[in-house]
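Visitor:
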Amino acid sequence: KTQSLKSAYQEDFLIGTALGTEHILERNEKANVLIKREFNAITPENIMKSQLIHPAPNRYNFDLADKYVEYGQKNDMYVVGHTLVWHSQLPTFVGKIKSADSVRIFMTEHINTVAGRYAGKINSWDVVNEALNEDGTLRKSVFLNKLGEGYIKEAFELAAKADPNAALYYNDYNIEQPAKRKGAIELIKKLQASGTKIDGVGIQGHWSIKTLNLKDIEDSIIEFSQLGIKVAFTELDLTVLPNPWDLRGADVNQRFAESPEMNPYKDALPDSVQTALANRYTDIFKLFLKHRDKISRVTFWGVNDSHSWLNGFPIRNRTNYPLLFDRALEPKKAYQAVLNLKTAK
Ligand code: G3I
Numbered sequence: 003k004t005q006s007l008k009s010a011y012q013e014d015f016l017i018g019t020a021l022g023t024e025h026i027l028e029r030n031e032k033a034n035v036l037i038k039r040e041f042n043a044i045t046p047e048n049i050m051k052s053q054l055i056h057p058a059p060n061r062y063n064f065d066l067a068d069k070y071v072e073y074g075q076k077n078d079m080y081v082v083g084h085t086l087v088w089h090s091q092l093p094t095f096v097g098k099i100k101s102a103d104s105v106r107i108f109m110t111e112h113i114n115t116v117a118g119r120y121a122g123k124i125n126s127w128d129v130v131n132e133a134l135n136e137d138g139t140l141r142k143s144v145f146l147n148k149l150g151e152g153y154i155k156e157a158f159e160l161a162a163k164a165d166p167n168a169a170l171y172y173n174d175y176n177i178e179q180p181a182k183r184k185g186a187i188e189l190i191k192k193l194q195a196s197g198t199k200i201d202g203v204g205i206q207g208h209w210s211i212k213t214l215n216l217k218d219i220e221d222s223i224i225e226f227s228q229l230g231i232k233v234a235f236t237e238l239d240l241t242v243l244p245n246p247w248d249l250r251g252a253d254v255n256q257r258f259a260e261s262p263e264m265n266p267y268k269d270a271l272p273d274s275v276q277t278a279l280a281n282r283y284t285d286i287f288k289l290f291l292k293h294r295d296k297i298s299r300v301t302f303w304g305v306n307d308s309h310s311w312l313n314g315f316p317i318r319n320r321t322n323y324p325l326l327f328d329r330a331l332e333p334k335k336a337y338q339a340v341l342n343l344k345t346a347k
């Protein structure tokens with residue numbers, strides 16, 4: 003039997019990847035062979051975001067989303083929907099809405115139409131994405147501003163009604179960090195206290211080999227699961243590059259892309275960093291295995307290094323190496339390390 007991430011971790015949790023358009027349309031054979039061999043869960047990196055799937059008031063682009071769902075079903079994968087309510091990547095018409103009623107109508111029709119279309123075919127929905135600020139308060143958005151904090155409950159109720167079988171998740175980044183985690187716990191407790199269905203929390207997991215904080219992650223797994231919900235790691239990747247905010251304050255400018263200091267591994271990743279990456283992934287997966295009973299899924303945010311958003315954020319045109327497969331779609335040392343945790347004798 004061929005070794006793969008999904009078979010190695012079969013008894014533990016699902017192993018997923020985010021798919022781009024080229025994967026959904028099966029434009030790259032090597033990538034698609036890899037995806038089918040290694041992963042048993044998929045998330046659409048962009049194509050189900052409201053701006054793309056719902057570009058105008060009564061217009062929906064279901065083409066790619068239909069193909070995405072078919073891809074998952076055909077390959078017997080756990081299919082994630084990402085995402086129903088998010089302040090970002092909104093269709094432009096939403097920004098022009100003036101009244102609370104119209105925002106409510108948009109949100110209601112959007113959830114009913116999108117979640118309704120795929121009812122029974124999506125295993126879990128990221129119902130609300132990134133609703134919190136770093137200090138744990140609720141983030142300003144068209145939804146919060148017009149509907150008040152009750153929009154979160156409304157969104158979960160609409161999703162539950164539109165697709166009663168999907169697991170419903172709250173998804174966010176940095177919620178392993180104490181202040182934001184506290185906000186997430188409050189948000190979830192409020193939903194539960196009002197009798198609203200919520201099945202899990204998605205900790206995105208956009209981390210760095212330098213600043214990875216295992217204690218925060220472990221505390222979060224424990225505290226979230228004490229709420230009686232599942233924990234998923236929904237967008238895992240580990241940047242190996244310097245963070246411009248650490249070095250130069252918040253003045254993130256494209257000119258940094260030209261600076262060798264900001265793009266130090268342009269041609270290749272040195273062995274020492276390759277090893278550091280493998281070691282950090284080992285630490286993370288050891289922790290995940292320790293808490294396997296609480297974790298439903300671990301999804302990487304991208305298939306391989308060339309397809310990662312981290313080549314373009316927060317500085318454009320860098321060369322990053324955050325995933326388990328390299329630019330040639332070959333497994334890296336970090337892949338072997340994650341696999342070895344389960345298969346080495
Ligand atoms: O498709 C257009 C293309 O036509 C155009 O020429 C090009 C010029 O910039 O932009 C392309 O769209 C980009 C899109 O990715 C597809 O590549 C958008 O500008 C860009 O903003 C978008 O970035 C995505 C980002 O979310 C914003 O939606 C990233 O790919 C995606 O990885 C990222 O994913 C998010 C999760 O959804 C939520 N959590 C954080 C995570 C990382 O930011």
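Under mature numbering (1 follows the signal peptide of the UniProt record, and there is no 0), the first residue of the sequence shown carries the number 3, and numbering increases by one thereafter.
Ideal Cβ placement from N, Cα and C applies to all residues, glycine included.
On a predicted model such as this, the values are computed, not experimentally measured, just so you know.
Compute every distance between the C-beta of N131 and the non-hydrogen atoms of the ligand G3I, then say whether any falls below 7 Å.
Guide: Result yes, Cβ under 7 Å from the ligand G3I.
Visitor: Output the boundary residues of the alpha helix (DSSP H) element that contains Y153.
Guide: Looking at the DSSP string, the run of the alpha helix (DSSP H) that includes Y153 is 152 to 164.
Visitor: Take the Cβ of S298 as the centre, count every other Cβ of all protein chains shown within 10 Å, and call the residue buried at 16 or more, exposed below.
Guide: Its Cβ being crowded by 16 or more others within 10 Å, S298 is buried.
Visitor: Assign F290 to buried or exposed, taking buried as 16 or more other Cβ atoms, counted over all protein chains shown, within 10 Å of its Cβ.
Guide: So F290 ends up on the buried side.
Visitor: Assign D307 to one of two classes, buried (16 or more other C-beta atoms within 10 Å of its C-beta) or exposed (fewer than that).
Guide: Result: buried.
Visitor: So who's on the other strand from H208, going by DSSP bridges?
Guide: Beta-bridge pairing links H208 to D239.
Visitor: Find out if the Cβ-Cβ distance for the pair Y11, K232 is shorter than 8 Å.
Guide: No, the pair does not count as a contact, with Cβ atoms beyond the cut-off.
Visitor: Would you say the beta carbon of S52 comes nearer than 7 Å to a heavy atom of the ligand G3I?
Guide: For the ligand G3I, not one heavy atom lies less than 7 Å from the Cβ of S52.
Visitor: When DSSP labels each residue in this structure, what does D14 get in the three-state scheme?
Guide: Coil.
Visitor: Say the cut is 7 Å; is the CB of Y175 nearer than that to a heavy atom of the ligand G3I?
Guide: Answer for Y175: yes, Cβ within range of the ligand G3I.
Visitor: With a threshold of 7 Å (Cβ to nearest heavy atom), would E31 be considered close to the ligand G3I?
Guide: No, the Cβ of E31 stays beyond 7 Å of every heavy atom of the ligand G3I.
Visitor: Identify whether S90 lies in helix, strand or coil by the three-state DSSP scheme.
Guide: If DSSP states are grouped into helix, strand and coil, S90 belongs with coil.
Visitor: Between the Cα of I200 and those of K191, H208, K212, spot the shortest distance and give me the residue it belongs to.
Guide: Taking only the C-alpha atoms, the option nearest I200 is K191.
Visitor: Where does D165 land, buried or exposed, given buried means 16+ other C-beta within 10 angstroms?
Guide: Under this definition D165 is a buried residue.
Visitor: Mind checking whether V35 and H89 have CB atoms under 8 Å apart?
Guide: Taking 8 Å as the Cβ cut-off, V35 and H89 do not qualify as a contacting pair.
Visitor: Once you ignore the five residues that flank E220 on each side, which residues in its own chain have a CB closer than 7 Å to its CB?
Guide: L289, listed in sequence order.
Visitor: What did DSSP end up calling S52 once you bin it into helix, strand or coil?
Guide: S52 falls in the helix class under three-state DSSP.
Visitor: Quick check on the DSSP output: the beta strand (DSSP E) that includes I44 runs from which residue to which?
Guide: Segment 43 to 46, the beta strand (DSSP E) holding I44.
Visitor: For H293 and T284, I'd like the C-alpha separation in whole angstroms.
Guide: The straight-line gap from Cα to Cα measures roughly 14 Å.
Visitor: Do residue 1 and the ligand G3I come close, with the Cβ less than 7 Å from some heavy atom?
Guide: An answer regarding residue 1 cannot be provided, because it is not within the stretch 3 to 347 covered by the chain.
Visitor: Taking the alpha carbon of N135 as the reference point, which residue from G83, E178, G122 has its own alpha carbon closest?
Guide: If we check each option's Cα against that of N135, E178 comes out closest.
Visitor: From N63 to T115, what does the alpha carbon distance come to, in whole angstroms?
Guide: In a straight line, the C-alpha of N63 is about 11 Å away from that of T115.
Visitor: What's the call for K217, buried or exposed, on a 16-neighbour Cβ count within 10 Å?
Guide: It counts as exposed.
Visitor: Indicate whether the contact test is met: 3 or more Cβ pairs, each with one atom in the region 91 to 99 and one in the region 68 to 80, closer than 8 Å.
Guide: Verdict: no, contact absent.
Visitor: Pull up the distance between the alpha-carbon of N319 and that of N313, whole angstroms please.
Guide: Between N319 and N313, the C-alpha separation is close to 6 Å.
Visitor: Starting from N319, trace the alpha helix (DSSP H) in both directions and tell me its first and last residue.
Guide: No alpha helix (DSSP H) contains N319, which DSSP labels as neither H nor E.
Visitor: Following the continuous alpha helix (DSSP H) through T4, name the residue where it begins and the one where it ends.
Guide: Run containing T4: none; DSSP gives neither H nor E here.
Visitor: Helix, strand or coil for A234 per DSSP?
Guide: It is a strand residue.
Visitor: Do G18 and H309 have their C-beta atoms within less than 8 Å of each other?
Guide: Cβ atoms of G18 and H309: not closer than 8 Å.
Visitor: Quick test of the definition: if touching needs 3 or more C-beta pairs under 8 Å, does the region 235 to 244 touch the region 270 to 280?
Guide: As far as the Cβ criterion goes, the region 235 to 244 touches the region 270 to 280, which means the pair count is three or higher.
Visitor: Identify every residue that forms a DSSP beta bridge with G83.
Guide: Per DSSP, W127.
Visitor: Which word fits P57, buried or exposed, when buried means at least 16 other C-beta atoms lie within 10 angstroms of its C-beta?
Guide: Exposed, by the Cβ-count rule.
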